[in-house]
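Take a look at the structure set out below.
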Amino acid sequence: MSGGRRLRRWLAVSLAGIAIVAAVIGAVDAMVTSRGDFDPRVIADVNGVAGPDPVAVALQVAGYPDGDGFMPEEIDDACESDRCVVVITDENLGDDSVAAVQVRVELKRSCDVWVPEWIGRRWRCWPNRGIPFWGGWTTIRCS
9 MSGGRRLRRW LAVSLAGIAI VAAVIGAVDA MVTSRGDFDP RVIADVNGVA
59 GPDPVAVALQ VAGYPDGDGF MPEEIDDACE SDRCVVVITD ENLGDDSVAA
109 VQVRVELKRS CDVWVPEWIG RRWRCWPNRG IPFWGGWTTI RCS
């Protein structure tokens with residue numbers, strides 16, 4: 009194989025790899041950048057909460073472990089050097105109207121500790137319990 013063909017093949021493989029990585033990063037970014045899909049919570053509710061681990065801080069402000077000692081089923085985070093977004097999903101609520109709750113916590117690093125900057129919550133209701141469709145997330149509390 010000539011040098012020119014090898015270079016074109018290497019470029020094609022490299023560009024395909026870059027496209028795949030960009031798609032994955034885009035999907036993760038879409039998951040954690042939709043602040044408008046959450047009902048904002050007053051940040052004063054968690055005044056003074058901070059710590060060295062952003063996920064631990066997010067769990068604390070979201071109320072985990074809960075009163076029975078349970079932790080959420082899913083925790084997704086996207087962190088950079090001074091910013092972090094944590095999305096916590098809990099589907100084992102034992103509630104007859106709420107099928108799941110999701111909490112989004114945005115944190116910033118300040119003096120080597122992570123501090124909550126924005127908190128939002130949304131719900132997924134059981135059928136006929138608050139919204140006209142079932143299965144999607146809503147900022148309207150289930151009834």
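My numbering runs 8 ahead of the 1-based position in the sequence shown. All residues carry an ideal CB built from backbone N, CA and C; glycine is no exception.
Alpha carbon of residue i to alpha carbon of residue j, nearest angstrom
i, j, result
"Q68", "N136", "31 Å"
"E114", "R49", "12 Å"
"D90", "R129", "23 Å"
"F78", "N100", "9 Å"
"R149", "S105", "9 Å"
"D76", "A107", "18 Å"
"S151", "C119", "42 Å"
"P73", "D84", "16 Å"
Residue i CB to nearest heavy atom of the ligand MN below 8 Å
i, result
"W131", "As for the ligand MN, it is missing from this structure, which has no ligand bound."
Of the residues the options, the one placed nearest residue i, counting alpha carbons only
i, options, result
"V63", "T146, V109, W122 and C133", "W122"
"T97", "P60, V57, P80 and S118", "P80"
"G71", "F46, V111, R43 and E125", "V111"
Pair within 9 Å by beta-carbon distance, residue i and residue j
i, j, result
"V109", "A66", "no"
"W131", "T146", "yes"
Where the beta strand (DSSP E) containing residue i begins and where it ends
i, result
"A108", "V106 to S118"
"V123", "V121 to C133"
"P48", "D47 to R49"
Enclosing alpha helix (DSSP H) for residue i [first to last residue]
i, result
"V63", "P62 to A70"
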